[in-house]
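Here's the structure we're looking at; comments come further down.
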Amino acid sequence: MANRLAGLGYAQDAARETEELLVLYRQWETRATVRLARLSDVWKAVEWWDSNDSSETRVHEALAKYRGDHDDTGTPHG
Numbered sequence: 001m002a003n004r005l006a007g008l009g010y011a012q013d014a015a016r017e018t019e020e021l022l023v024l025y026r027q028w029e030t031r032a033t034v035r036l037a038r039l040s041d042v043w044k045a046v047e048w049w050d051s052n053d054s055s056e057t058r059v060h061e062a063l064a065k066y067r068g069d070h071d072d073t074g075t076p077h078g
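If you're matching positions, the sequence shown starts at 1 in our numbering and goes up one per residue.
Written out as structure tokens, the structure is:
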């Protein structure tokens with residue numbers, strides 16, 4: 001749409017704002033994807049605890065990983 005508007009010759013302002021909107025959307029999408037990856041284990045742990053498929057301990061472990069209190073092997077940081 002930005003290209004189409006730019007091609008009209010009289011809609012440069014709308015073309016620029018469309019391009020800016022696309023940049024903002026891509027930035028938001030990247031940030032949202034990163035946060036989703038960080039939070040997914042926590043959300044899953046709570047969901048499993050609520051459905052009695054896991055314990056509250058798993059929630060604490062997922063939160064520790066989310067907060068960086070454990071390394072990739074699950075070993076607590078001193």
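For glycine and all other residues, C-beta sits at the position ideal for the given N, C-alpha and C.
Quiz item: Would DSSP call Tyr66 helix, strand or coil?
Solution: helix
Exercise. Determine, using beta carbons only, whether Ala37 and Val59 come nearer to each other than 9 angstroms.
Key: no
Quiz item: Would you report the Cα separation of Met1 and Arg67, rounded to the nearest angstrom?
Solution: 41 angstroms
Quiz item: With respect to the alpha helix (DSSP H) encompassing Ala11, which residues constitute its N-terminal and C-terminal limits?
Solution: It is not in any alpha helix (DSSP H) - Ala11 carries neither H nor E in the DSSP assignment.
Quiz item: Would the beta-carbon of Ala62 fall within 9 angstroms of that of Val42?
Solution: yes
Quiz item: Of all the options Lys65, Glu19, Gly7, Glu29, which has the alpha carbon lying nearest to the alpha carbon of Ser40?
Solution: Lys65
Quiz item: For Ala14, which residues from the same chain have a beta carbon less than 6 angstroms from its beta carbon, with the 5 sequence-adjacent residues on both sides left out?
Solution: Leu5
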